[in-house]
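J.: Dumping the structure here so I can ask a few things about it.
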Amino acid sequence: MKRHGLLNAPLATLIAELGHTDTFVIADAGLPIPPGVPRVDLALRPGLPGFLEVFDALTDELCLEGVTLASELREVSPDLHGKLMARLDALDGRDKGPLERQRVSHEAFKGLLPAARFVVRTGECTPYANVVLRSGVPF
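Put into structure tokens, the structure is as follows:
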């Protein structure tokens, strides 16, 4: 048995298959996931697992170069927004340069989903608790 890292085998496989500039999404419990986009459903009950727990576990596993969030997150869910910004600040520069950050409307965010390699659905019930992560390279 693995001693650390992701224990969810399907999720670990999807992460290992990411290439440079591929995107994937960490989503709250209510984000509509388009048909045909693979889904790793981790949601157990409202709040479990939480968005930030999943974000931390996944960002420990991979190299990132960019993130996209809904612009509504800052105003509607300021507590989660602040915690996420602190995590992004900590990741900034970890992987070969600054982490590119982009904000789009929630409608535009949903338009990015069909291009994602997969979506990880959490049990998070905080509005707009979603992020698109863009894979980087460690060299």
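Residue numbers (the numbering used here): 9 to 147.
Cβ coordinates follow ideal geometry from the N, Cα and C atoms, glycine included.
#1: So, using beta-carbon positions, are Ile34 and Leu66 closer together than 8 angstroms?
#2: Please work out which residues of its chain come closer than 7 angstroms, Cβ to Cβ, to Asp100, disregarding the five sequence neighbours upstream and downstream, and give them in chain order.
#3: Verify whether the separation of the beta carbon atoms of Ile172 and Arg129 is less than 8 angstroms.
#4: Within 10 angstroms of its Cβ, does Thr29 collect 16 or more other Cβ (buried), or is it exposed?
#5: In chain order, what residues of the same chain lie with their CB nearer than 7 angstroms to the CB of Gly187, ignoring the 5 residues before and after it?
#6: Would you call Gly38 buried or exposed, if buried means 16 or more other Cβ atoms sit within 10 Å of its Cβ?
#7: Along the chain, where does the beta strand (DSSP E) containing Phe147 start, and where does it finish?
#8: So what's Leu39 in DSSP terms, helix, strand or just coil?
T.: Let's see:
#1: yes
#2: Pro106, Leu107
#3: The shown model of the chain, from 9 to 147, leaves out residue 172, and the question about it has no answer.
#4: exposed
#5: Since the first and last residues shown for the chain are 9 and 147, residue 187 lies out of range.
#6: exposed
#7: From DSSP, Phe147 is part of no beta strand (DSSP E); its letter is neither H nor E.
#8: coil
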